[in-house]
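S.K.: Shown below is the structure under consideration.
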Ligand SMILES: [Cu+2]
């Protein structure tokens, strides 16, 4: 389980974009979002760098963990 803090993720539309971006990353099996804390959890055999890059590309760069 990876967890990122994504400060720019602030509403349901952001959540949708974040989920879509992450679900396209190889190895991602599940995405959980806590909007109020700006947290994204990712399950599956996924590389942290790949998930972070996908977030950044979607316009939602994560904070360094
Ligand atoms: Cu939003």
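In full-length UniProt numbering, the protein residues as written are 1 to 65. Where is the CB? At the ideal position from N, CA and C, for every residue including glycine.
Among residues of its own chain, excluding the 5 on either side of residue 24, which ones have a beta-carbon nearer than 8 Å to its beta-carbon?
M.R.: Within the same chain, residue 24 has close Cβ partners 54.
S.K.: Can you give me the Cβ contacts of residue 59 inside the same chain, cut-off strictly under 8 Å, excluding the 5 residues immediately before and after it?
M.R.: Correct list, in chain order: 8, 17.
S.K.: Can you grab the Cα-Cα spacing for the pair residue 3 / residue 39, in whole Å?
M.R.: Spanning the two alpha carbons is a distance of roughly 7 Å.
S.K.: So, under 8 Å CB-CB, residue 115 and residue 30 are touching, yes? Tell me the CB distance rounded to an integer number of Å.
M.R.: As shown, the chain starts at 1 and ends at 65. That puts residue 115 outside it, with no answer to give.
S.K.: Measuring straight from C-alpha to C-alpha, what distance separates residue 15 and residue 33?
M.R.: Approximately 7 Å between the Cα atoms of the pair.
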